[in-house]
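Engineer: I have a structure I would like to understand better, so I am pasting it below and will then ask my questions one at a time.
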Amino acid sequence: MNFSIPVKVNTIIDELMKHGHEAYAVGGCVRDMVLGREPEDWDITTSATPWEVKKIFRRTVDTGIQHGTVTVMSDKDHFEVTTYRLDGVYEDNRHPKEVSFTSSLTEDLKRRDFTINAMAYNEKEGFVDLFGGLEDLNKGIIRCVGSAAERFDEDALRILRAIRFSAQLGFTIEEETQNAIREKTDRLNNISAERIRVELTKLILSDHPDRLRTLYEFGITGVILPEFDRMMETPQKNIHHIFTVGEHTIRTVEEVAGALRDNSFTIAQRTLLRWTMLLHDIEKPATISVGKDGQNHFYGHPEKGAVTAKNILKRLKFDNDTLDTVTHLVRWHDYRYILSPADMRRAAAKIGKDYMELMFEVNRADTIAKNPANTTGELEKLELARRLYREILVKQECVSLKELAVNGKDLIEIGYKPGRELGETLNRLLEAVIENPQLNEKETLLAKARA
Ligand code: ATP
Ligand code: MG
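The structure is reproduced here in structure tokens:
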């Protein structure tokens, strides 16, 4: 095997070693290097204390000095250099009460979560792999370092990290680790919403978002997203569906925005789209009914779903932009396009131009995950809707008050008073313009407003 670490990382390691310290690349970057993946960042672990590190390098930042982390700057890049440490007693399944520094690399590796994350490497010594991390990497296994039950008691976030890594890497979870997860799920109650959000997002952005099913089977969503369990337990007796709400949902999350390497969407868009799919049918369990035809119906689920989606995203401390966009996409995900130019303008006016491209992708994923016997024509209709919409863009046709050739000020100039009537008039003019785009001229609209 031939591994290489970036020159800048090597230089930092060499410099530390020249001063008589031990130093290695460690953790995720070593794992990713073995897998031939591009590491997100390179972390360095060293026997040097933070104060010693700061003396050796000219440009450093005290990022987390109480945890032993100093950031070393190298041109525009920066690398975290962390002193070998032991984590003290964990009081509440999440924060070690104290951390203490150690001169033993072994101790530092022991505190790490999984064998594949507990390897160190430098060019002089090669791999330091004390827990069989390389073997587990080759076999595709996530396994805790030491006693899994104890490791989850110390920090229950590791439960979610285990599934998240299995989703990112396509790995299976080793049996003892699995059993401990099932036993310790309630410890997740002690984990902050922010940390849960980060892990869930990484999981659904990965190429194996179907590991959502594992979260359910292990009892994890029961603690962190009980609404999902209800979807897994809601059947859909309906000609359009062959899956439970939950299984349909999982398939939509897999489908939307394609594989990671596709790059057809930015990470930000992918995040919005995948969260939208995860939540789009969240109120189907509560709105289920049986019609005279013996079929299940879910009247009002998009409207109710938007409210619930908002509450869930709030609970997970999402930013307002994500909250607004996902909620809006959930609200309109079931909109039935009528395939005429005027009806597509009407759809764009309701849904909003800012959302249409995302909406079409939501619609596509939603359709593909339904009964395949009924979807072929549906996908073609969707393509036609998209084409009609793009023509609206090309022709720059007006679908919002913003694009209307007159505004409130214009109406006031011809004698309108600010207030409800003015608003209603503008809306009526917009409706007329949506019906007939040629009306969108100032004089024409003012004449209409006067009449
Ligand atoms: P990625 O950055 O790709 O998400 P990573 O393995 O680098 O994965 P980080 O969260 O960046 O994960 O952490 C770096 C390393 O720190 C891990 O590889 C692991 O060795 C250790 N680590 C991180 N979080 C924990 C934890 N909760 N418990 C034990 N060790 C941890
Ligand atoms: Mg990392």
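In this text, residue positions in the sequence shown follow the working numbering: the first is 516, and each later residue adds one.
Every residue gets a Cβ at the ideal spot worked out from N, C-alpha and C, and that includes glycine.
To which residues of the same chain is D744 closer than 7 Å at the C-beta, ignoring the five residues directly before and after it?
Structural biologist: Y731, T736, G737
Engineer: R600 bridges to which residues according to DSSP?
Structural biologist: Beta-bridge partners of R600 (DSSP): F616.
Engineer: Tell me where the alpha helix (DSSP H) around Y814 begins and ends.
Structural biologist: That residue, Y814, is in no alpha helix (DSSP H); it is neither H nor E in DSSP.
Engineer: For S589, which residues does DSSP report across the bridge?
Structural biologist: Under DSSP, S589 shares a beta bridge with D592.
Engineer: How is V877 classed by DSSP in three states: helix, strand or coil?
Structural biologist: helix
Engineer: I'd like to know whether the C-beta atoms of A677 and V545 end up nearer to each other than 8 Å.
Structural biologist: Result no, Cβ atoms of A677 and V545 do not sit closer than 8 Å.
Engineer: Mind pulling the alpha helix (DSSP H) runs of 4 or more residues that sit fully within the region 664-722?
Structural biologist: 672-684, 690-699, 708-720
Engineer: Just verifying my parser: in three-state terms, what is the DSSP assignment at A538?
Structural biologist: strand
Engineer: Enumerated in chain order, which unbroken segments of the alpha helix (DSSP H) with a length of 4 residues or greater are wholly contained in the region 858-939?
Structural biologist: As far as the region 858-939 is concerned, its whole alpha helix (DSSP H) runs of at least 4 residues are 868-883, 891-909, 923-928.
Engineer: Does DSSP put V643 in a helix, a strand or coil?
Structural biologist: strand
Engineer: Beta strand (DSSP E) containing V576: first to last residue?
Structural biologist: Run containing V576: 575-579, per the beta strand (DSSP E) assignment.
Engineer: V522 by DSSP, collapsed to three states: which one?
Structural biologist: helix
Engineer: Out of G930, I929, N835, L960, which one is the CA nearest neighbour of N942?
Structural biologist: L960
Engineer: In the DSSP assignment, what residue or residues form a beta bridge with F629?
Structural biologist: C659, per the DSSP bridge assignment.
Engineer: Is D556 near ligand 2, with its Cβ less than 7 Å from a heavy atom?
Structural biologist: yes
Engineer: With a Cβ-Cβ cutoff of 8 Å, do I927 and R965 count as a contact?
Structural biologist: no
Engineer: Just mark Y904 as buried or exposed, buried being the case when its beta carbon has 16 or more other beta carbons within 10 Å.
Structural biologist: Y904 is buried by the Cβ-count criterion.
Engineer: Looking at ligand 1, does it come within less than 7 Å of N637, judged from the CB to the closest heavy atom?
Structural biologist: no
Engineer: With a threshold of 8 Å between beta carbons, is F813 in contact with chain C?
Structural biologist: The chain labelled as chain C is not found in the depicted structure, where only one protein chain is given.
Engineer: Between the beta-carbon of L675 and the beta-carbon of E714, is there less than 8 Å?
Structural biologist: yes
Engineer: Check whether the Cβ of A964 lies closer than 7 Å to any heavy atom of ligand 1, and answer yes or no.
Structural biologist: no
Engineer: By the DSSP assignment, the alpha helix (DSSP H) with A962 in it spans what residues?
Structural biologist: 957-965
Engineer: Mind checking whether F616 and T564 have CB atoms under 8 Å apart?
Structural biologist: yes
Engineer: At which residues does the alpha helix (DSSP H) containing Y636 begin and terminate?
Structural biologist: Y636 -> not in any alpha helix (DSSP H); beta strand (DSSP E) instead, spanning 635-637.
Engineer: Quick one: is the Cβ of G551 within less than 7 Å of any heavy atom of ligand 3?
Structural biologist: For the structure depicted, ligand 3 is absent and the ligand set comprises only ligand 1 and ligand 2.
Engineer: Give the DSSP-derived three-state secondary structure of V771 in the structure shown.
Structural biologist: Annotated three-state conformation of V771 is coil, per DSSP.
Engineer: Return the chain-ordered list of same chain residues with a C-beta closer than 7 Å to the C-beta of D644, the five sequence neighbours on each side being excluded.
Structural biologist: M634
Engineer: Is it the case that the Cβ atoms of W557 and F518 are separated by a distance below 8 Å?
Structural biologist: No, Cβ-Cβ distance for W557 and F518 is not below 8 Å.
Engineer: According to DSSP, simplified to helix, strand and coil, what is I559?
Structural biologist: strand
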